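Okay, structure coming up:
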């Protein structure tokens, strides 16, 4: 990712620092844990993608294999998972803001009618297949309207969102798009996934300008390639072992390897049907739970962070 992606966003953060002082306590302490705790959110992406995905994520939540997840509101199976979340209000579920449709034969467009967001729609009437053409054509005002509609639809379906993240990194494609997402996060008083290691790499001088209530993820981990010898357990062991004190997030992609998911993921082995079944098997395995225990991991949720953020914002506003 190039530096210019983050510079515009970080410049926009300067104004937020006025009137706020940096907290001397770590996030872990502010959440009630030891200062050096290794906090970890185990996050299921792509809820609502398919029935297979929904059933797999529900299984993982109920078995304690994940602590958090996020929903793709434009996808066809959104109503099913939204109904489940509505009737299980204790779940930690956010909005997986979605502006692309990457699968070969399985497509979607926006929550809004296409004529209201023409810059987001390709010549076939769907979201763009990849980030590059999206970034080339997308207007920030159209992105804001569509993301607002996605958040509002989730709320209308009975979901109390705990955070905002993003599908395929589209909001990082241009500074104005990330600023748009940040604006909505502030408006809805929701934390948004910000991977601090990228900011430290490209624009460290702005770190001190970010308000203390706006939490960044210190270490974002996700399997990006097939592991050596297809050894899922060892690949995840290495990721967990690399986690340091602070806030870590481990993103997983869960589905059952069935005919539905195979049809969706045709010609797409990375993050495809077998991959997602392997992720599901991993988070449900006793071996993974042992890895977490052996590395002294403290599991947390975005809801805890959201509630802390809102509390600290209210305290600052009342000063």
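Numbering (the numbering used here), first residue to last: 7 to 325.
Don't be surprised by glycine CBs; every beta carbon is placed ideally from N, CA and C.
Quick caveat, the model's predicted, so the values are computed rather than measured.
DSSP places residue 278 in no alpha helix (DSSP H); its state is neither H nor E. The closest CA to that of residue 220, considering only 198, 226, 232, is found on 198. For the segment 222–267, the full-length beta strand (DSSP E) segments reaching 3 residues or more read 225–228, 252–259 along the chain. Within the segment 82–149, the complete alpha helix (DSSP H) segments at least 4 residues long are 84–92, 137–143, listed from N- to C-terminus. When secondary structure is reduced to three states using DSSP, residue 64 falls in the helix class.
In this structure, residue 171 lies near residue 100, with their beta-carbon atoms less than 8 Å apart. The alpha-carbon separation between residue 270 and residue 323 amounts to approximately 47 Å. In the three-state scheme derived from DSSP, where H, G and I count as helix and E and B as strand, residue 53 is classed as strand.
Non-local beta-carbon contacts of residue 231 in its own chain, meaning distances under 8 Å to residues more than five positions away in sequence, involve 276 in chain order. In this chain, the beta strand (DSSP E) harbouring residue 171 covers 170–172. Exclusion of the five residues before and after residue 62 leaves 260, 261, 262, 286 as the residues of its chain whose Cβ lies within less than 6 Å of its Cβ. Per DSSP, the unbroken alpha helix (DSSP H) holding residue 311 starts and ends at 308–323. With fewer than 16 other Cβ atoms from the protein chains shown falling within 10 Å of its own Cβ, residue 161 counts as exposed. Around the beta-carbon of residue 278, 16 or more other beta-carbon atoms lie within 10 Å, marking it buried. Rounded to whole angstroms, the separation of the alpha carbons of residue 242 and residue 284 is 11 Å.
Residue 167 is not bridged by DSSP to any residue. Under DSSP, residue 45 takes part in a beta bridge, and its partners are 253, 304. If you look at residue 75, you'll find it in the beta strand (DSSP E) that goes 74–77.
For residue 36, the enclosing alpha helix (DSSP H) starts and ends at 33–36. One alpha carbon belongs to residue 289, the other to residue 234, and they sit about 18 Å apart. For residue 273, there is no enclosing alpha helix (DSSP H), as DSSP marks it with neither H nor E.
In the structure shown, residue 200 falls within a coil segment according to DSSP collapsed to helix, strand and coil.
Between residue 116 and residue 133, the C-beta gap is smaller than 8 Å, which places the two residues in contact. In terms of CA proximity to residue 118, 149 leads the group 245, 107, 138, 149.
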